[in-house]
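Enquirer: The listed protein sequences derive, respectively, from chains D and U.
When we follow the working numbering, the leftmost residue of the first sequence carries the number 210, and every step to the right adds one.
When we follow the working numbering, the leftmost residue of the second sequence carries the number 210, and every step to the right adds one.
There are 2 protein chains.
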Amino acid sequence: MTRTIETIAGIRAFVSACRQRGKTVGFVPTMGAFHEGHLSLMREARRRHDAVIVSIFVNPLQFSAGEDFDRYPRRIDQDIRMANSEGVDILFAPSVAEMYPKGFDSHVDQTDLPSKLCGAFRPGHFRGVMTIVTKLFNIVKPHAAYFGQKDYQQYLILRRSVTDLNLDVDVRVLPTVREDDGLAMSSRNLYLGPKQRKDATCLHRALKRAEDLVASGESSAAKVAGEMKRLIHRVKGTRVEYVEIVNSDTLEPVKEIKGKTLIALAVRIGKARLIDNALV
Amino acid sequence: MTRTIETIAGIRAFVSACRQRGKTVGFVPTMGAFHEGHLSLMREARRRHDAVIVSIFVNPLQFSAGEDFDRYPRRIDQDIRMANSEGVDILFAPSVAEMYPKGFDSHVDQTDLPSKLCGAFRPGHFRGVMTIVTKLFNIVKPHAAYFGQKDYQQYLILRRSVTDLNLDVDVRVLPTVREDDGLAMSSRNLYLGPKQRKDATCLHRALKRAEDLVASGESSAAKVAGEMKRLIHRVKGTRVEYVEIVNSDTLEPVKEIKGKTLIALAVRIGKARLIDNALV
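#1: Would you kindly work out how many angstroms separate the C-alpha atoms of T211/D and R255/D, rounded to a whole number?
#2: Starting from H316/U, trace the beta strand (DSSP E) both ways and give me its first and last residue.
#3: Count the other CB atoms, across all protein chains shown, that sit within 10 Å of the CB of G468/U; report buried if there are 16 or more and exposed otherwise.
#4: In three-state DSSP terms, what is V349/D?
#5: Can you give the Cα-Cα distance for H244/D and G328/D, rounded to whole angstroms?
#6: What residues from chain D crowd round S187/U, counting only those whose CB sits closer than 8 Å?
#7: CB Q358/U to CB L383/U, shorter than 9 Å?
#8: Run through DSSP, which three-state label would E465/U get?
#9: Just checking: is the beta-carbon of I348/U within a distance shorter than 9 Å of some beta-carbon in chain D?
#10: Which residues, in order along the segment 216 to 230 of chain D, keep a beta-carbon less than 7 Å from a beta-carbon of chain U?
#11: Would you report the Cα separation of T385/D and L248/D, rounded to the nearest angstrom?
#12: Terminal residues of the continuous alpha helix (DSSP H) containing S264/U?
#13: Tell me the rounded alpha-carbon separation between D360/U and M240/U.
#14: Which residues, in order along the segment 374 to 404 of chain U, keep a beta-carbon less than 9 Å from a beta-carbon of chain D?
#15: Should N268/D be labelled buried (16 or more other beta-carbon atoms within 10 Å of its own) or exposed?
#16: Touch check for the segment 392 to 409 of chain D and the segment 420 to 431 of chain D: three-plus C-beta pairs under 8 Å?
#17: Rounded to a whole number of angstroms, what is the C-alpha to C-alpha distance between D458/U and T470/U?
#18: Jot down the residue ranges of each uninterrupted beta strand (DSSP E) in the segment 267 to 308 of chain U, minimum 3 residues, whole runs only, in chain order.
#19: Count the CB pairs spanning the segment 400 to 417 of chain D and the segment 474 to 482 of chain D that are closer than 8 Å, and state whether there are at least three.
#20: Closest Cβ-Cβ distance between Q287/D and chain U: below 9 Å?
#21: Within the continuous alpha helix (DSSP H) that includes L412/D, where are the two ends?
#22: Near H334/U, what residues of its chain come up, given a Cβ to Cβ distance below 6 Å and the 5 sequence neighbours on each side ignored?
#23: Closer than 9 Å by beta-carbon distance: list the chain D residues that pair up with T239/U, in chain order.
#24: Which residue comes first and which comes last in the alpha helix (DSSP H) that contains D373/U?
#25: I believe S370/U touches T343/U by the beta-carbon criterion, under 8 Å. Please report the beta-carbon distance rounded to the nearest angstrom.
#26: Run through the DSSP bridge pairs and tell me what L483/D is partnered with.
#27: Which residues of the segment 315 to 329 of chain D have a Cβ closer than 8 Å to any Cβ of chain U? Give them in chain order.
#28: Can you list, in chain order, the residues of its chain with a C-beta nearer than 7 Å to that of I348/U? Leave out the 5 residues immediately preceding and following it.
#29: Hey, which unbroken runs of the alpha helix (DSSP H) at 4 residues or more fall wholly within the segment 425 to 464 of chain U?
#30: Quick one: list the residues of chain D neighbouring T343/U, beta-carbon separation under 7 Å, in chain order.
Structure below.
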């Protein structure tokens, strides 16, 4: 049975007992409202480690004013059942006061990667992500932590902060899990009405089109991005935040598609801000 | 014999062996050029822990442009001998490239405490301190770390960042060690010529005068600070950077001296920037 722990002290006690017995700990940090994407991370952690800890914490620090912190889906009972089905040992579900007690004032940040892609539209977002993940890593002390490729920029930034701050955690990324029609799974898909849900496939279709173009020899980033935008703009009610073709290590825009390249996009549909990406 | 280790991997191996055998690790992070202040920290660590690690790293990140990074005293051979005399197990002396390899871009910062006292005159200084100490704590994984009260603001900030980021380290502060004439020991005292060395006692004399005033019932921060400045200004060639009387937890200026109060000052004499403080 999955045990739910709400205190930092409780997690420390569990982890310390694991480590003393030589067990490895796999960790999946989440904001809850689990979907198959989260479950795929739990399964990989379960396969690779003696103990699996999943955290659920809707982190206020990574939401800007006016973003969806208040309406972000919270469904802890369903999450507990799903974690249990995946053989998760511990669900760490701390309160905001437990993570950010009175007087809290420290943060972790970077200057380069967080200024790019989503970071340009969500000031302070990655600073909030880095801060909470650093805290969680220091509490859970996992051997490895698992993230989804949908949040590729987040993965890259966390890999950087973990390296830079000498955290002894292996940061791993697993493929984006998709609905049958290609939509990347996301807790924020719950914001979509039925018509919007159909429209939302345009992100995946644009990426597919980009991959086809590249496969057929197109190497101009401008042409590929242009075609993607054209395809998305054909769907009424979509607002493209960005379509970018960048080096997959530096996130610097490229003109010519060659070597490790990331195609990433963010599109607003109704109340939802959706992101997706492909490595080509 | 004290062993010198220059790599992060070497320290990790040593510490991991300690922890596996249930030994406690005490840590003294320094910039080298040891004096009795450093040695008092090593002695306390030696008294309290099974293993003692001292780091020497002149951290470029905590020096602003135009500060004394280049001329900061480096005397590693003498330091090794002194650490050896104190029974230090490991001297961790990494290169700049070992601590900040190519691509390094993360930092730890706070908004409140680093803006006060020394922070107002040394932009980025405490950010650099927090970043390197977070790195060192993650590498050394000590049970406790030891700092001197001369750098009281640094201690307060590190206590905050360790709490906020859930680092499992006990941050301890030990009393300032002084020369016979009261001058607080500091590696930067090496910058002082013979005349300046004498003049430098004005910091301690000003603090003593403040303590006497408070002991005799004076509670006006303005009056005490005024008297301290008057006393220092009488010494030719001194430049007061600040004399402040603040709450010793928040570093907020107080008008009335009551409860836990810190009297802190920074004075420039020749090429040296000297600091000192007293808790009253």
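Quick reminder that beta carbons are idealized off the backbone N, C-alpha and C, glycines included.
This structure is a prediction, so every number in the text was calculated from the model and none was measured.
Expert: With the structure as the only source:
#1: 12 Å
#2: 315 to 319
#3: exposed
#4: helix
#5: 24 Å
#6: Only positions 210 to 489 of chain U appear in the structure, and residue 187/U is not among them; the question remains open.
#7: yes
#8: strand
#9: yes
#10: I217
#11: 11 Å
#12: Segment 260 to 265 is the beta strand (DSSP E) holding S264/U; no alpha helix (DSSP H) there.
#13: 13 Å
#14: L374, N375, L376, D377
#15: buried
#16: no
#17: 8 Å
#18: 299 to 301
#19: yes
#20: no
#21: 410 to 424
#22: Q271
#23: None at all; the shortest Cβ gap to chain D is about 18 Å.
#24: 361 to 373
#25: 7 Å
#26: V476/D
#27: S315, H316, V317, D318, Q319, T320, D321, L322
#28: I217, I220, R221
#29: 430 to 442
#30: L374
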